[in-house]
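Novice: The sequence shown begins at 611 in my numbering and counts up one residue at a time.
Below is a structure I'd like to ask you about.
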Amino acid sequence: MKRLRLAIQKKGRLYDQSVDLLRSCGVSLELSSRQLVIQSSNFMIDVLFVRDDDIPEYVNNGVCDLGIVGQNIILETGKNDQLTEVRSLGFGQCRVSIAVPEKSEINYIEDLSGKKIATSYPRTLDVFLKSQNIESRVVKIEGSVEIAPSLNIADAIFDIVSTGSTLKANGMKELRKVLESQAVLIKKKGAMTADKESLLDSLLQRIDGSLAAKNSRYLMMNAPKDRIAEIKELIPGMEEPTVVPLTNERKVAIHAVAKEDVLWETVEQLKNLGATSILVAPIDKIVV
Ligand code: PRT
Ligand code: ZN
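Shown next, in the form of structure tokens:
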């Protein structure tokens with residue numbers, strides 16, 4: 611049987627969470643910083659460690675069957691038509707935005723006409739500027755794009771923003787969010803061999819189980835019988851709870867899966883409804 615080959619980032623912001631995702635799927639990997647490819651000993655998958663920019667092309671040309679990469683990189687490499695996003699993975703979230711110095715006279719994107727914009731994502735920026743009928747000069751810079759305006763290399767930048775603190779620290783403000791991105795699992799469009807499709811199905815089932823579990827909590831409490839309806843209202847995304855009688859006839863035990871994190875505020879509201887012994891536990895896997 612053929613093994614699946616998956617490309618992930620070798621080091622950087624997506625590395626830890628890509629490896630964690632595989633681990634949560636029960637794919638064991640004996641990591642070594644020197645090896646380019648590592649074979650899992652308990653799942654028919656080989657993991658290739660590369661720069662994120664190369665991942666879309668490796669998947670497109672068949673060097674790998676699958677890849678984990680940011681949507682921003684797929685767009686920039688221009689491979690989005692040849693690739694399918696099989697799953698959104700819920701990490702590596704960011705936006706890619708145009709930003710200008712706080713004191714800049716550029717206040718609207720139209721003001722960017724004839725100006726210089728520094729970026730590591732020239733292709734994505736070009737597409738955006740064309741769609742807005744704006745003609746600017748795009749200056750490609752590999753790293754530290756945020757310092758380009760203070761060095762007079764550019765009037766504006768187009769870069770990844772996450773918390774916004776890098777922009778702030780460099781005296782810049784966001785002018786326009788152009789796209790949002792997160793890490794996705796990709797494959798080439800079209801079918802793989804039957805062997806590989808079946809391995810992918812099995813991997814996807816595990817990924818889905820792990821992603822569903824990550825955001826869910828198992829909730830247990832004892833509560834007054836006449837408050838069940840109100841308690842149901844409070845629990846985020848709850849399906850029918852399990853209600854178990856207790857020796858105290860006025861009380862029941864309630865067990866439920868909440869589809870999102872249960873906040874302290876919710877726990878306090880449950881307590882105010884008379885719930886006691888409230889337990890919120892993480893869930894490892896959900897298979898429906
Ligand atoms: O070596 P390799 O080419 O593999 O890595 P890289 O240096 O190109 O990428 P890396 O590891 O920095 O980022 C990988 C991916 O993580 C990106 O392509 C995005 O999809 C995603 N991602 C999520 C981010 C961020 N958040 C992020 N905040 N990538 C970069 N940043 C940087 C941004 O460039 C800016 O300098 O963080 C700074 C802004 O952060 P805030 O929080 O101050 O706004
Ligand atoms: Zn990169």
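Backbone N, C-alpha and C define an ideal beta-carbon position, used for all residues, glycine too.
Fair warning: this is a prediction, and the values are worked out from it, not measured in the lab.
For a test of the three-state rule: what should DSSP assign to Q649, helix, strand or coil?
Specialist: Numbered from its first residue, the sequence shown carries residue 649 at position 39. Strand at Q649.
Novice: Does the distance between the C-beta of Q619 and the nearest non-hydrogen atom of the ligand PRT fall short of 8 angstroms?
Specialist: In the sequence shown, the residue the question calls residue 619 occupies position 9. Flag set: Cβ of Q619 near the ligand PRT.
Novice: Using beta carbons (cut-off 9 angstroms, strictly below), is E715 in contact with chain D?
Specialist: In summary, chain D is missing from the structure at hand, where a single protein chain is found.
Novice: Kindly give me the distance between the Cβ atoms of K787 and R705, rounded to whole angstroms, as I take these residues to be in contact under 8 angstroms.
Specialist: As a first step, residue 787 must be located in the sequence shown, where it is residue number 177. As a first step, residue 705 must be located in the sequence shown, where it is residue number 95. With 8 angstroms as the limit, K787 and R705 qualify as a contact, their Cβ atoms being about 5 angstroms apart.
Novice: Name the DSSP beta bridge partners of A868, please?
Specialist: Here residue 868 is taken as the residue at index 258 of the sequence shown, counted from 1. R827.
Novice: Among residues of its own chain, excluding the 5 on either side of E640, which ones have a beta-carbon nearer than 8 angstroms to its beta-carbon?
Specialist: Position 30 of the sequence shown, counted from the first residue, corresponds to residue 640. Correct list, in chain order: I648 and S651.
Novice: What does a CB cutoff of less than 7 angstroms around Q681 pick up in its chain, not counting 5 residues either side in sequence?
Specialist: Translated into the one-based positions of the sequence shown, residue 681 becomes position 71. S791, Q792 and V794.
Novice: For the beta strand (DSSP E) that contains R644, what are its first and last residues?
Specialist: Within the sequence shown, residue 644 is the residue found at index 34, counting from 1. Run containing R644: none; DSSP gives neither H nor E here.
Novice: Mind checking K612: buried by the 16 CB within 10 Å criterion, or exposed?
Specialist: Position 2 of the sequence shown holds residue 612. Exposed: under 16 other Cβ atoms inside 10 Å.
Novice: For K806, which of helix, strand or coil comes out of DSSP?
Specialist: Mapped onto the sequence shown, residue 806 falls at position 196. K806: helix per DSSP, three-state reduction.
Novice: When you compare only the Cα positions, how much space is there between L889 and M830?
Specialist: In the sequence shown, residue 889 corresponds to position 279, counting from 1. In the sequence shown, residue 830 corresponds to position 220, counting from 1. L889 and M830: Cα-Cα distance of roughly 5 angstroms.
Novice: Pull up the DSSP beta-bridge partners for G677, would you.
Specialist: Looking up residue 677 in the sequence shown gives position 67. DSSP, once it has assigned bridges, lists A617 and I796 as partnering G677.
Novice: Between the alpha carbons of S707 and D769, how many angstroms are there, rounded?
Specialist: Residue mapping note: residue 707 aligns to position 97 of the sequence shown, counting from 1. Residue mapping note: residue 769 aligns to position 159 of the sequence shown, counting from 1. Cα to Cα, the separation comes out at about 6 angstroms.
Novice: My guess is that I817 and R697 are in contact by the Cβ rule of under 8 angstroms, so how many angstroms apart are they, rounded?
Specialist: Counting from 1 along the sequence shown, the entry for residue 817 is found at position 207. Counting from 1 along the sequence shown, the entry for residue 697 is found at position 87. Confirmed, about 6 angstroms.
Novice: Would the beta-carbon of R661 be found less than 8 angstroms away from any heavy atom of the ligand ZN?
Specialist: Mapped onto the sequence shown, residue 661 falls at position 51. Yes, since a heavy atom of the ligand ZN falls inside the 8 angstroms radius drawn around the Cβ of R661.
Novice: Going along the chain, which residues of its own chain have a beta-carbon closer than 6 angstroms to the beta-carbon of V710, five neighbours each way excluded?
Specialist: Position 100 of the sequence shown, counted from the start, is the residue given in the question as residue 710. Within the same chain, V710 has close Cβ partners I716, A766 and L785.
Novice: Who are the Cβ neighbours of L880 in its own chain at under 7 angstroms, not counting the five residues just before and after it?
Specialist: For the purposes of this step, residue 880 is identified with residue 270 of the sequence shown, where counting begins at 1. Same-chain partners within the cutoff: M831, I841, L844 and I888.
Novice: Helix, strand or coil, according to DSSP, for T694 in the structure here?
Specialist: Within the sequence shown, residue 694 is the residue found at index 84, counting from 1. Looking at T694 - three-state DSSP - the assignment turns out to be strand.
Novice: Return the first residue and the last residue of the alpha helix (DSSP H) that S634 is part of.
Specialist: To locate residue 634, count along the sequence shown from 1; it is residue 24. Residues Y625 to S634.
Novice: Return the Cβ separation of I744 and S714 in integer angstroms, given the expectation that the two are a contact with Cβ distance under 8 angstroms.
Specialist: Position 134 of the sequence shown, counting from 1, holds the residue named residue 744. Position 104 of the sequence shown, counting from 1, holds the residue named residue 714. Not really, about 16 angstroms apart at Cβ, beyond 8 angstroms.
Novice: Does the region 796–806 come close enough to the region 749–761 to have 3 or more Cβ pairs within less than 8 angstroms?
Specialist: No: the two stretches stay apart, fewer than three of their Cβ pairs being nearer than 8 angstroms.
Novice: In whole angstroms, what separates the C-alpha of I683 from that of K750?
Specialist: For this step, residue 683 is matched to residue 73 along the sequence shown. For this step, residue 750 is matched to residue 140 along the sequence shown. Each residue's Cα considered, the two are about 15 angstroms apart.
Novice: Do I893 and S826 have their C-beta atoms within less than 9 angstroms of each other?
Specialist: To locate residue 893, count along the sequence shown from 1; it is residue 283. To locate residue 826, count along the sequence shown from 1; it is residue 216. Yes; because the gap between Cβ atoms is below 9 angstroms, this pair is in contact.
Novice: Under 8 angstroms Cβ to Cβ from E752, same chain only, skipping five residues before and after it: list those, please.
Specialist: Counting from one through the sequence shown, the residue named residue 752 turns up at place 142. Cβ neighbours of E752 beyond the five flanking positions: S730.
Novice: Can you tell me where the beta strand (DSSP E) holding P892 begins and where it ends?
Specialist: In the sequence shown, the residue the question calls residue 892 occupies position 282. Note, P892: beta strand (DSSP E), T886 to P892.
Novice: Would the C-beta of T773 count as close to the ligand PRT, meaning under 8 angstroms from any of its heavy atoms?
Specialist: By 1-based counting over the sequence shown, the position of residue 773 is 163. Yes; taking the cut-off as 8 angstroms, the Cβ of T773 has a heavy atom of the ligand PRT nearer than that.
Novice: What does DSSP give as the partner residues of S791 in its beta bridges?
Specialist: Numbered from 1 along the sequence shown, position 181 holds the residue referred to as residue 791. In the DSSP output, where bridge partners are listed per residue, S791 has C704.
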